[in-house]
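Here the structure comes first, spelled out in structure tokens, and everything after it is commentary.
Residue numbers (the numbering used here): 87 to 161.
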């Protein structure tokens, strides 16, 4: 994979500029294992963010259903 493609993929994945630059420098310097480790760490952080967002959506869904039921009971 070429360096411009890596930079673009990191940006598309939501990595901040500092992290993208760090990984790109590692890749350009031949530190492929270190770059891979950083990418995996970024993936873990993104997955944690996804789970947190999913939890918030679940809680809002619960509140919406509960509110809808209470509105129906009051009618």
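From the three backbone atoms N, C-alpha and C, an ideal C-beta is built for every residue, glycine too.
Where does residue i land, buried or exposed, given buried means 16+ other C-beta within 10 angstroms?
| i | result |
| --- | --- |
| residue 101 | buried |
| residue 175 | Any answer about residue 175 is impossible in this case: the structure gives the chain only from 87 up to 161. |
| residue 124 | buried |
To the nearest whole angstrom, what separates the beta carbons of residue i and residue j, a pair I think is in contact under 8 Å?
| i | j | result |
| --- | --- | --- |
| residue 106 | residue 126 | About 15 Å separates the two Cβ atoms, so there is no contact after all. |
| residue 89 | residue 114 | 6 Å |
Would you kindly check if the distance between the Cβ of residue j and the Cβ of residue i is under 9 Å?
| i | j | result |
| --- | --- | --- |
| residue 109 | residue 128 | yes |
| residue 112 | residue 121 | yes |
Can you tell which of the options has the C-alpha that lies nearest to the C-alpha of residue i?
| i | options | result |
| --- | --- | --- |
| residue 98 | 132, 155, 152, 111 | 132 |
Let me know the alpha helix (DSSP H) ranges lying completely inside the stretch 111 to 135, each 4 residues or longer, listed in chain order. none
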